[in-house]
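S.K.: In order, the protein sequences belong to chains A, X and V. Take 197 as the starting number for the first sequence in our numbering and just add one per residue. Take 197 as the starting number for the second sequence in our numbering and just add one per residue. Take 197 as the starting number for the third sequence in our numbering and just add one per residue. Even glycine gets a Cβ: it sits at the ideal position worked out from N, Cα and C.
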Amino acid sequence: MRHLFIILRHNPLLWLLVFVPVVLTAEKLKPEAHTLLFLLSVCAIVPLAALLSHATESVAVKTGDAVGGLLNATLGNLTELVIALTALHAGEYMLVKASIAGAIVANTLFMLGASFLLGGLKYHVQEYNRVSARVQTSLLFLATVALLIPSAVSRADAAAGAALSQKLSVGLAVLLIAAYGLGLLFSLKTHRELFASAESGEADEAPLPAGVALATLAGVTVLVALVSEVFVESVQQSAETFGMTPAFVGFIIVALVGGSAEMASAFSGARKNRLDLSVGIALGSAAQIALFVAPLLVLVSYFIGPTPMDLQFWPGAVVMILIATLTATLITNSGRSAWFVGVLVLMVYLIFAMTLYLLPPRG
Amino acid sequence: MRHLFIILRHNPLLWLLVFVPVVLTAEKLKPEAHTLLFLLSVCAIVPLAALLSHATESVAVKTGDAVGGLLNATLGNLTELVIALTALHAGEYMLVKASIAGAIVANTLFMLGASFLLGGLKYHVQEYNRVSARVQTSLLFLATVALLIPSAVSRADAAAGAALSQKLSVGLAVLLIAAYGLGLLFSLKTHRELFASAESGEADEAPLPAGVALATLAGVTVLVALVSEVFVESVQQSAETFGMTPAFVGFIIVALVGGSAEMASAFSGARKNRLDLSVGIALGSAAQIALFVAPLLVLVSYFIGPTPMDLQFWPGAVVMILIATLTATLITNSGRSAWFVGVLVLMVYLIFAMTLYLLPPRG
Amino acid sequence: MRHLFIILRHNPLLWLLVFVPVVLTAEKLKPEAHTLLFLLSVCAIVPLAALLSHATESVAVKTGDAVGGLLNATLGNLTELVIALTALHAGEYMLVKASIAGAIVANTLFMLGASFLLGGLKYHVQEYNRVSARVQTSLLFLATVALLIPSAVSRADAAAGAALSQKLSVGLAVLLIAAYGLGLLFSLKTHRELFASAESGEADEAPLPAGVALATLAGVTVLVALVSEVFVESVQQSAETFGMTPAFVGFIIVALVGGSAEMASAFSGARKNRLDLSVGIALGSAAQIALFVAPLLVLVSYFIGPTPMDLQFWPGAVVMILIATLTATLITNSGRSAWFVGVLVLMVYLIFAMTLYLLPPRG
Numbered sequence: 197m198r199h200l201f202i203i204l205r206h207n208p209l210l211w212l213l214v215f216v217p218v219v220l221t222a223e224k225l226k227p228e229a230h231t232l233l234f235l236l237s238v239c240a241i242v243p244l245a246a247l248l249s250h251a252t253e254s255v256a257v258k259t260g261d262a263v264g265g266l267l268n269a270t271l272g273n274l275t276e277l278v279i280a281l282t283a284l285h286a287g288e289y290m291l292v293k294a295s296i297a298g299a300i301v302a303n304t305l306f307m308l309g310a311s312f313l314l315g316g317l318k319y320h321v322q323e324y325n326r327v328s329a330r331v332q333t334s335l336l337f338l339a340t341v342a343l344l345i346p347s348a349v350s351r352a353d354a355a356a357g358a359a360l361s362q363k364l365s366v367g368l369a370v371l372l373i374a375a376y377g378l379g380l381l382f383s384l385k386t387h388r389e390l391f392a393s394a395e396s397g398e399a400d401e402a403p404l405p406a407g408v409a410l411a412t413l414a415g416v417t418v419l420v421a422l423v424s425e426v427f428v429e430s431v432q433q434s435a436e437t438f439g440m441t442p443a444f445v446g447f448i449i450v451a452l453v454g455g456s457a458e459m460a461s462a463f464s465g466a467r468k469n470r471l472d473l474s475v476g477i478a479l480g481s482a483a484q485i486a487l488f489v490a491p492l493l494v495l496v497s498y499f500i501g502p503t504p505m506d507l508q509f510w511p512g513a514v515v516m517i518l519i520a521t522l523t524a525t526l527i528t529n530s531g532r533s534a535w536f537v538g539v540l541v542l543m544v545y546l547i548f549a550m551t552l553y554l555l556p557p558r559g
Numbered sequence: 197m198r199h200l201f202i203i204l205r206h207n208p209l210l211w212l213l214v215f216v217p218v219v220l221t222a223e224k225l226k227p228e229a230h231t232l233l234f235l236l237s238v239c240a241i242v243p244l245a246a247l248l249s250h251a252t253e254s255v256a257v258k259t260g261d262a263v264g265g266l267l268n269a270t271l272g273n274l275t276e277l278v279i280a281l282t283a284l285h286a287g288e289y290m291l292v293k294a295s296i297a298g299a300i301v302a303n304t305l306f307m308l309g310a311s312f313l314l315g316g317l318k319y320h321v322q323e324y325n326r327v328s329a330r331v332q333t334s335l336l337f338l339a340t341v342a343l344l345i346p347s348a349v350s351r352a353d354a355a356a357g358a359a360l361s362q363k364l365s366v367g368l369a370v371l372l373i374a375a376y377g378l379g380l381l382f383s384l385k386t387h388r389e390l391f392a393s394a395e396s397g398e399a400d401e402a403p404l405p406a407g408v409a410l411a412t413l414a415g416v417t418v419l420v421a422l423v424s425e426v427f428v429e430s431v432q433q434s435a436e437t438f439g440m441t442p443a444f445v446g447f448i449i450v451a452l453v454g455g456s457a458e459m460a461s462a463f464s465g466a467r468k469n470r471l472d473l474s475v476g477i478a479l480g481s482a483a484q485i486a487l488f489v490a491p492l493l494v495l496v497s498y499f500i501g502p503t504p505m506d507l508q509f510w511p512g513a514v515v516m517i518l519i520a521t522l523t524a525t526l527i528t529n530s531g532r533s534a535w536f537v538g539v540l541v542l543m544v545y546l547i548f549a550m551t552l553y554l555l556p557p558r559g
Numbered sequence: 197m198r199h200l201f202i203i204l205r206h207n208p209l210l211w212l213l214v215f216v217p218v219v220l221t222a223e224k225l226k227p228e229a230h231t232l233l234f235l236l237s238v239c240a241i242v243p244l245a246a247l248l249s250h251a252t253e254s255v256a257v258k259t260g261d262a263v264g265g266l267l268n269a270t271l272g273n274l275t276e277l278v279i280a281l282t283a284l285h286a287g288e289y290m291l292v293k294a295s296i297a298g299a300i301v302a303n304t305l306f307m308l309g310a311s312f313l314l315g316g317l318k319y320h321v322q323e324y325n326r327v328s329a330r331v332q333t334s335l336l337f338l339a340t341v342a343l344l345i346p347s348a349v350s351r352a353d354a355a356a357g358a359a360l361s362q363k364l365s366v367g368l369a370v371l372l373i374a375a376y377g378l379g380l381l382f383s384l385k386t387h388r389e390l391f392a393s394a395e396s397g398e399a400d401e402a403p404l405p406a407g408v409a410l411a412t413l414a415g416v417t418v419l420v421a422l423v424s425e426v427f428v429e430s431v432q433q434s435a436e437t438f439g440m441t442p443a444f445v446g447f448i449i450v451a452l453v454g455g456s457a458e459m460a461s462a463f464s465g466a467r468k469n470r471l472d473l474s475v476g477i478a479l480g481s482a483a484q485i486a487l488f489v490a491p492l493l494v495l496v497s498y499f500i501g502p503t504p505m506d507l508q509f510w511p512g513a514v515v516m517i518l519i520a521t522l523t524a525t526l527i528t529n530s531g532r533s534a535w536f537v538g539v540l541v542l543m544v545y546l547i548f549a550m551t552l553y554l555l556p557p558r559g
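(1) Given residue 337 of chain X, which residues of its chain have a CB within under 6 angstroms of its CB, disregarding the five upstream and five downstream residues?
(2) Looking at the structure shown, is residue 508 of chain X part of a helix, part of a strand, or coil, going by DSSP?
(3) On the DSSP letters alone, give me the boundaries of the alpha helix (DSSP H) that residue 320 of chain V sits inside.
(4) Of the residues X/243, X/307, X/435, X/429, which one's Cα is nearest the Cα of residue 480 of chain X?
(5) Are the C-beta atoms of residue 525 of chain X and some chain A residue less than 8 angstroms apart?
(6) Using a Cβ cut-off of 7 angstroms, pull out every chain A residue sitting near residue 243 of chain V, in sequence order please.
(7) Under DSSP, the alpha helix (DSSP H) around residue 535 of chain A begins and ends at which residues?
(8) Could you tell me how far apart the beta carbons of residue 488 of chain V and residue 300 of chain V are, in whole angstroms, since I believe they sit closer than 8 angstroms?
(9) Assuming residue 315 of chain A and residue 461 of chain A are in contact, meaning their beta carbons sit under 8 angstroms apart, how far apart are those beta carbons, in whole angstroms?
(10) At a Cβ cut of 9 angstroms, what residues of the region 355-386 of chain A count as close to chain V, listed as they run along the chain?
(11) Strictly below 8 angstroms CB to CB, what residues from chain V border residue 348 of chain A?
(12) Which runs of the alpha helix (DSSP H) spanning at least 4 residues fall entirely within the region 232-290 of chain X, listed in chain order?
(13) For residue 236 of chain A, count the other beta carbons within 10 Å of its own beta carbon; 16 or more makes it buried, fewer makes it exposed. Which is it?
(14) Quick check: is the beta carbon of residue 556 of chain X nearer than 8 angstroms to any beta carbon in chain V?
(15) Quick check on residue 470 of chain A: does DSSP put it in helix, strand or coil?
(16) Distance check for residue 406 of chain A and residue 399 of chain A, CA to CA, integer angstroms please.
(17) Exposed or buried, what is residue 395 of chain X when buried is set at 16 or more other beta-carbons lying within 10 Å of its beta-carbon?
(18) May I have the straight-line CA-CA distance separating residue 564 of chain V from residue 212 of chain V, to the nearest angstrom?
(19) Is the beta carbon of residue 297 of chain X less than 8 angstroms from the beta carbon of residue 509 of chain X?
(20) Going by the DSSP bridge assignment, what does residue 532 of chain X pair with across the sheet?
(21) Would you report the Cα separation of residue 538 of chain A and residue 305 of chain A, rounded to the nearest angstrom?
(22) Tell me the residue span of the alpha helix (DSSP H) that contains residue 205 of chain X.
(23) Would you say residue 342 of chain A reaches chain V, if we count a Cβ-Cβ gap shorter than 8 angstroms as a contact?
(24) Quick check: residue 447 of chain X and residue 294 of chain X, are their CB atoms within less than 8 angstroms of each other?
(25) Using a Cβ cut-off of 8 angstroms (strictly closer), state whether residue 337 of chain A contacts chain V.
(26) Verify the CB distance criterion: does residue 519 of chain A have a CB-CB separation below 8 angstroms to chain V?
(27) Cβ of residue 546 of chain V less than 8 angstroms from any chain A Cβ?
(28) Hey, is residue 539 of chain A's beta-carbon within less than 8 angstroms of any beta-carbon in chain X?
(29) Are the Cβ atoms of residue 435 of chain X and residue 442 of chain X separated by less than 8 angstroms?
(30) Taking a contact to mean a Cβ-Cβ separation below 8 angstroms, would you say residue 278 of chain V touches residue 417 of chain V in this structure?
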């Protein structure tokens, strides 16, 4: 308990935790106040995500390099996973897919671009481990192909219908998880030295003791699940109140809320000239969502959703993921960065956000 | 006046200036002779473009590095801008868009490829500043995304109509001009040293005195505007006489005529083993058209055109711009060139030209 | 004769030659046993391809570097060419195109990826000549543009019909062969030193004497043609027996059978840490099929096919070739490889194979 208080004092973001009981109470008292519930749930998810990320890192530090890296690599996007599972359970497949695609794009463009910009405003030129970035963008490229091919082929071939899409999605999900697993084996075990300078293990804050960390991990996950339910229920209707399209909400708002904790770490790394950390978090997180969270949701949908979910995304989303991956690949090729690189990457994200904001709602 | 005569003696291309009064007279006497007027206007635009480019450089040299670079970067494609404005005023949006897309592709592929080839036939291997090339191709990539996303999304979403396209185009235009401005800040101010060897300021010919240069700039711009009017009016009808499709004329002929002056500089640079100069002109000019001229035309169309123009291009043109940008990105990655690199880039341009030449006219 | 026996003793693969008379006899006796004939013809083509490849290399060694390189570069895919010519003669254009596209993709992804993986399982990190790889991927990129543009433009422009496609295909075929020829001039003559470490001339087995090699070349080509006829006739029907779609058979099975000999060389090179050899065979072979075999088939179709063949491919195949080229370009950019790079490239191939396997048959 004392440890949690120390963390609370060091990280003012966590004071937002007070919104957790507030939103859960409000949901009981005023289940119709969608806009209020939406705002409260956002305020509650942000600190929970930060706490979850800190607890994961603490467990990772305690368990040593290999297991710790594995933990970080699988639980690093626990918030996104819990939100998506809640939406999956509610049968909101559009929201699930939009939030997955949005999270990939937000990590690859917004988090990476803002890190380059924030770092570049302080340091003239920054360098980072480009081998590590190359492996992550290659994984992203593989995931993009896996999302692209089914929709390209099914377009060219109208006869191929939902049945093909479903079978293909399961096969691709297994393939992507296997690729992700082999990627971990490569970067944590057989070729660890190539990723040396990434320093992803060094947490800035003091790690929690193992017991506290595990308890926090379990408890906060439950809380995230509870708040996510309010968030998922309220997000669409309150979006209309704000005049936002559902596509914009799923793709931009949910992704930025879900990734807020990692963004805080990535930006702070960039300001401390530890760009390796920022690039690792941004691209690693995008790869994890594309090759682990998304396929996992497809497989899990056979058990918890009303009907199975496939990997066929809205074509506009596939194009955006493709462009985001290409941008990251071309930009990280040199292993050097300056403020303007950040501007360029952010501009691509802005183009996406603007397009989605102006897009009229479908149906 | 003496200065102008010296220039005329050094540059036989400028003797073509005699066609300026000829075409303007011919237009009064024989307004129906489209083919003749087309040929005369081409012969008149080429030397005017060369003179305009020389005057811009002279003003740039006099005003010092930062302002000069800015002038070069904004007025470097004055010919293309004036031709496009004339076509815009005449409501010829198809021609405007084809000439913009064509100019981007001609600079990125034809000017770059021919520079590599001409330089490579004389020197075994040539090197150039690849950091500078990378910034320009990144800007081009951003512009390509800005052209691609609206058409990709509106295809995927038929409900999104002309209204979306119009609002989006204004937003994208502002974004692209902002990116271009920040790019100038980056390359002319904060990270100037990265672009050091580009030597874009060194003009081969002696610069004009400031007064003469400014007067030339103003006078020649007026002449280009007058001749452009004849050119725009005659180009489509005379194209039919030559058996060319409108797409081929707008994309290939107008682009090559408008860029003739810069091509002369780029090719001469390559023959003198100053490939930095050639690559800088080719890619810089393409970026300028994509991120400054095209967005400016969209914004200006609200004031001078019959109806506002949007940024939605013919899908075939978007694909060509995308391929041209990818080609330039991949080819300039190494910072080295040999004759065969030029052949490869020119071949891509030839494929485009051949396809457009064979394409049956629409409508 | 003695030489052939020595080869037979060193290369157990060649014992499969016994299937050549078997399949030709079986075809006479049981022309309806499609599945049997298919299996027998596969078993017969594999050793013939190996023998053909060895004979070509022997002739190449005898004739010296320039002519030898040229021979290798034009006859290296003789097996694929003969199979495709047989299918062309039978009017099986779908099979011809599927096998061409499949061979490009199989060489670029399967052969390259498996070489990286097999080499990487033995050596920690392997290096290869990336300049050479860059030239080959650039040629592949050019061929991809040539396949992409016609279908992109004709989609955007429905008015453009079969007539355009035919004229364009002939033009593109001439252009691609010219680019391939200039590429040979570049890599074998003017800039030979850049390709130095490729060592493609060093055959592992002792070369055949010139006379034996030429006789083998001629004799085996005739045998391949005879067996190919059985293969082409039986492949589609026996595929149905195995529950495979025609797309899968043409794209995957035919490509792997036709390229088996080169794969054996590429994999053996990778295991001996001569990755230059593997990358050269894989990418060189893909470039040769895309820029020499495919265009040649278009031109030849005017003489031997029932109607001329064009270069317009099924959109799904174009997307796969595009992705394969992009993958090879991005992956070979660094000139270094480890086992995981091989896994990534193979995964892309697996995604393609799985999609084609699940695709319902058309029509």
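M.R.: Let's see:
(1) 521
(2) coil
(3) From DSSP, residue 320 of chain V is part of no alpha helix (DSSP H); its letter is neither H nor E.
(4) It is X/307 whose Cα lies nearest to the Cα of residue 480 of chain X.
(5) The C-beta of residue 525 of chain X comes closer than 8 angstroms to at least one C-beta of chain A.
(6) In chain order: nothing, as chain A lies at least about 33 angstroms away.
(7) 535-554
(8) Contact flag wrong, Cβ pair sits at about 12 angstroms.
(9) That belief does not hold up - the Cβ atoms of residue 315 of chain A and residue 461 of chain A are roughly 13 angstroms apart, past 8 angstroms.
(10) 355, 356, 357, 359, 360, 363, 364, 367, 368, 371, 372, 374, 375, 378, 379, 381, 382, 383, 386
(11) 511, 512, 515
(12) 261-271, 274-285
(13) buried
(14) Using a CB distance cut-off of 8 angstroms, residue 556 of chain X counts as an interface residue toward chain V.
(15) coil
(16) Here the model assigns residue 399 of chain A a pLDDT of 48, short of 50, so the residue's position is not dependable, and the following value carries that caveat. Cα to Cα, the separation comes out at about 15 angstroms.
(17) Model confidence at residue 395 of chain X stands at a pLDDT of 46, short of 50, so the residue's coordinates are unreliable; what they give is reported in the following sentence. Per the 10 Å Cβ criterion, exposed.
(18) Outside the shown range of chain V (197 to 559) lies residue 564 of chain V, about which nothing can therefore be said.
(19) Yes. Within cutoff.
(20) X/323
(21) Each residue's Cα considered, the two are about 9 angstroms apart.
(22) 198-206
(23) yes
(24) yes
(25) yes
(26) no
(27) Yes, residue 546 of chain V lies at the interface with chain A (some Cβ there is under 8 angstroms from its Cβ).
(28) yes
(29) yes
(30) yes
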